[in-house]
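Residue numbers (the numbering used here): 73 to 152.
Idealized CB from N, CA, C, for every residue including glycine.
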């Protein structure tokens, strides 16, 4: 499996592995514009403690460590 496909597969399956994830969505870039990224992920958590447990979960760390050397990202945590 190519690295990008493997990472996408692992990201898609995080919801199955991490019970703290309430909602999880992954999307690939449809059309390149020169100011875009390959994928986006959006997750919802019940509270900041759930988000922190997600961050420390081995499945999340595995994907994060695979992404670190090949990409960059922007993270926004907010409450609503």
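Asked: Across which residues does DSSP place residue 116 in a beta bridge pair?; Found: 95
Asked: Decide if residue 92 is buried, meaning its Cβ has at least 16 other Cβ atoms within 10 Å, or exposed.; Found: buried
Asked: Between residue 132 and the rest of its own chain, which residues show a CB-CB distance below 7 Å, the 5 nearest in sequence each way excluded?; Found: 86, 90 and 126
Asked: Here's the rule I'm using: 16 or more other beta-carbon atoms within 10 Å means buried, otherwise exposed. How should residue 135 be labelled?; Found: buried
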